[in-house]
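Residue numbers (this note's numbering): 925 to 1079. Every residue, glycine too, gets a C-beta built ideally from N, C-alpha and C. Just so it is clear, the structure is predicted and the values come from calculations on it, not from any experiment. Since the structure comes first, as structure tokens, the remarks are kept for the end.
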Ligand code: NI
């Protein structure tokens, strides 16, 4: 069954089996997540987690469909600049994608933390690869990748 079909059947769960699994989460993260759940009036953690998973899968599906097109986007992340090797790793990764990185903007948030927004343009697979490499760095606390299309086909 494809992803979108799965989502359309969101409220018709009677035919699909339910799997239970355990997840280990730091206490402060689950406290924040419970707050998220309350604000969105979810009846349970399970329903909130199901929605988050669906959202990510739809996003992935959309990105797949956008392949073959030039897309533009932003990669936003927060990191501790005291980790000197981390700063170098971030720069090295950006230099591996010179055609994709249009500009990066750096903001000193506080004594420890820096915020960077990288504006990117290129093939979805390449931009995703760049974003995932940044996200995977130890010390990058949060990384968000957003992508949109320019509507132009890659030649
Ligand atoms: Ni800084």
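*Assign residue 1020 to buried or exposed, taking buried as 16 or more other Cβ atoms, counted over all protein chains shown, within 10 Å of its Cβ.*
exposed
*Classify residue 981 as helix, strand or coil using the three-state DSSP reduction.*
helix
*Examine ligand 1 and report whether any of its heavy atoms sits within less than 7 Å of the Cβ of residue 1036.*
no
*Measure the beta-carbon distance from residue 1024 to residue 1050 and round it to whole angstroms, keeping in mind my assumption that it falls under 8 Å.*
6 Å
_residue 957 in three-state terms, based on DSSP_ = Three-state result, residue 957: helix.
*According to DSSP, is residue 975 helix, strand or coil?*
In the structure shown, residue 975 adopts helical secondary structure according to DSSP, grouped into three states.
*Relative to the C-alpha of residue 1043, which residue among 963, 1037, 1030 is closest?*
1030 is the residue among 963, 1037, 1030 whose C-alpha sits nearest the C-alpha of residue 1043.
*asked:* If you follow the alpha helix (DSSP H) that residue 1051 is in, where does it begin and where does it stop?
replied: First-last of the alpha helix (DSSP H) with residue 1051: 1048-1060.
*asked:* Tell me the rounded alpha-carbon separation between residue 1018 and residue 980.
replied: CA-to-CA, the gap between residue 1018 and residue 980 works out to about 25 Å.
*Is there at least one non-hydrogen atom of ligand 1 closer than 7 Å to the beta-carbon of residue 1066?*
Answer for residue 1066: no, Cβ out of range of ligand 1.
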